[in-house]
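Heads up: the sequence shown is residues 69 to 126, going by the numbering used here. From the three backbone atoms N, C-alpha and C, an ideal C-beta is built for every residue, glycine too.
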Amino acid sequence: MIRITLRLPDDVHARLVIQSEVDRRSLNSEVVHLLEAALLATKEDAAALPRDQRPPRP
């Protein structure tokens, strides 16, 4: 697992802390969950586009 240092605005941090408490996750688990959900949504959105409009694969 890779460790990173992440700078967040105070209000974003506060919102993440609240959401992690609501979801009963650690702050780290909440951030990972939200990033995975966002990446999955992006992938699904791209798959819904016509083939000639899809972004190139890495």
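**Request:** Return yes when the Cβ of Glu-98 is within less than 8 Å of the Cβ of Ser-88, no when it is not.
**Result:** Walking along the sequence shown from the start, residue 88 turns up at place 20. Walking along the sequence shown from the start, residue 98 turns up at place 30. Their beta carbons are under 8 Å apart, which means Ser-88 touches Glu-98 by this criterion.
**Item:** Three-state secondary structure (DSSP) of Leu-103
**Value:** For this step, residue 103 is matched to residue 35 along the sequence shown. Helix at Leu-103.
**Cutoff 7 Å; reference Asp-91; Cβ partners in own chain excluding five residues on either side** = Sequence index remark: in the sequence shown, residue 91 carries index 23 (1-based). Only Glu-98 meet the Cβ criterion.
**Coil, strand or helix - Arg-83 by DSSP** = Stepping through the sequence shown from its first residue, residue 83 is reached at position 15. Arg-83 falls in the helix class under three-state DSSP.
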